[in-house]
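Take a look at the structure set out below.
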Amino acid sequence: MIRISTMPLNELRRLDLNLLVVLRAVLQTRNVTVAAQKLNMSQPAVSRAIGRLRHVFADQLFIKGARGVVATPRAEALADSISKLLHDLDDLLGSQEFSPSTSNRIFRIATTDYGAIAVLPSLAAVFAAEAPNAGIEVLPFSQDTFRRASNGDVDVVLYSDDPVPDDLQRTILFNETYLSFVRADHPLASRLNNGQPHLDDFLDPPHILVSIFGGRTSELDDRLAALGRSRRIAMWLPYFATAAVIASKTDFILTIPERVASELASPHGLISFRTPVELEGFGYQMLWHARTQSDAGSLWLRRQIISVSRAQ
């Protein structure tokens with residue numbers, strides 16, 4: 014961590030907090046041009062700031078990579094401490110008032126493909142109407158998402174009801190169920206009985222399995238195995254939207270959460286039916302760190318997410 018008390022006085026004089034803001038942006042984006050755009054700065058100004066940071070920390074910090082810059086071990090070691098320091102300063106110096114209509118704050122939401130489809134379209138409409146100058150930066154879910162939430166890099170995380178770290182606050186947004194889908198002229202569409210196919214008909218065509226974090230089986234496969242049955246999976250992929258496009262152009266069957274399905278079915282000419290195997294579904298939750306519990310802007314964001322999620 015950054016230990017201010019052990020830094021020489023001449024280094025402290027050079028430690029402009031604005032430089033740390035630049036360092037955080039480059040660490041987050043790994044691209045000087047993108048960081049400059051994010052900070053409303055010119056690229057040369059960001060490059061000059063990096064030069065000053067190299068002098069302060071006596072390290073190269075970043076080297077050129079194929080698609081941006083690569084952080085040195087020293088820069089990586091600084092990342093968490095800088096993020097926490099700047100977040101704490103925001104809490105100390107920032108106003109506890111938040112005006113959606115005038116704020117230009119950029120909120121950072123980490124989520125998966127599912128959360129992006131199920132929650133963000135309605136949330137974007139709220140921002141357009143109530144916070145037209147504010148923005149949403151969506152971060153892909155990764156192995157360090159929970160750590161970044163704890164450090165204040167992420168305002169909220171949208172995630173399933175799987176176990177999460179104890180230091181994160183949480184609330185269940187809704188409970189989700191599953192539906193199965195095929196293209197409108199699929200042979201199975203004419204063999205539905207009260208909105209549900211016979212299990213043999215359901216298992217005859219190939220299937221698509223959407224697995225956000227990888228894996229060759231799902232709850233559906235576990236339930237089928239308990240019945241002594243199985244399905245043939247033709248494709249495994251981590252993207253719901255891509256799976257819907259593929260289902261619209263093939264005889265593949267797609268079984269996905271209902272909220273995602275409601276957004277994807279009509280645009281891609283898919284029809285839904287009840288899966289002939291009972292599935293439990295899952296709860297979907299919003300997570301945030303206690304440090305942002307009383308932050309006015311974060312509180313407003315969480316309320317909007319709860320509102321749009323429970324209105325569907």
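Final position of the sequence shown in my numbering is 325; the numbers increase by one with none missing.
Think of the CB as a built atom: it goes at the ideal place given N, C-alpha and C, for glycine as much as any other residue.
- Of all alpha-carbon atoms in Thr-190, Leu-186, Arg-160, Ile-259, the one lying nearest the alpha-carbon of Asp-179 is that of Arg-160.
- Note on the segment 33-72: whole alpha helix (DSSP H) runs with a minimum of 4 residues are 45-52, 56-70, in chain order.
- Glu-293 sits exposed, since fewer than 16 C-beta atoms from the chains shown fall within 10 Å of its C-beta.
- When C-beta atoms of the segment 89-96 are compared with those of the segment 37-53, three or more pairs fall below 8 angstroms, so the two segments count as touching.
- Under the three-state reduction of DSSP output, Gln-317 falls in the helix class.
- Beyond the five residues adjoining it in sequence on each side, Phe-111 comes within less than 7 angstroms, by CB distance, of Ala-309, Gly-310, Trp-313 in the same chain, given in chain order.
- DSSP places Asn-188 outside any alpha helix (DSSP H); the residue lies instead in the beta strand (DSSP E), whose first and last residues are 181-189.
- If one requires a minimum length of 4 residues, the alpha helix (DSSP H) runs lying completely within the segment 89-170 are 126-131, 133-143, 158-164, in chain order.
- Taking all protein chains shown into account, Phe-215 has 16 or more neighbouring C-beta atoms within 10 Å of its C-beta and is therefore buried.
- Phe-75 counts as buried, since at least 16 other C-beta atoms from the protein chains shown sit within 10 angstroms of its C-beta.
- Comparing alpha carbon positions, the residue from Leu-32, Leu-267, Ala-48, Val-167 closest to Ala-303 is Val-167.
- Annotation for Ile-221: the continuous beta strand (DSSP E) segment containing it runs 220-223.
- A distance below 8 angstroms separates the beta carbons of Val-35 and Ala-62.
- For Thr-288, no beta strand (DSSP E) run applies, since DSSP gives it neither H nor E.
- At a Cβ-Cβ threshold of 8 angstroms, Gln-73 and Arg-67 count as neighbours.
- Within 10 angstroms of the beta-carbon of Gln-298 lie 16 or more other beta-carbons, which makes it buried.
- Within its own chain, the residues whose Cβ lies closer than 7 angstroms to the Cβ of Val-321, once the five positions on either side in sequence are excluded, are Val-132, Ser-135, Leu-136, Val-139, listed in chain order.
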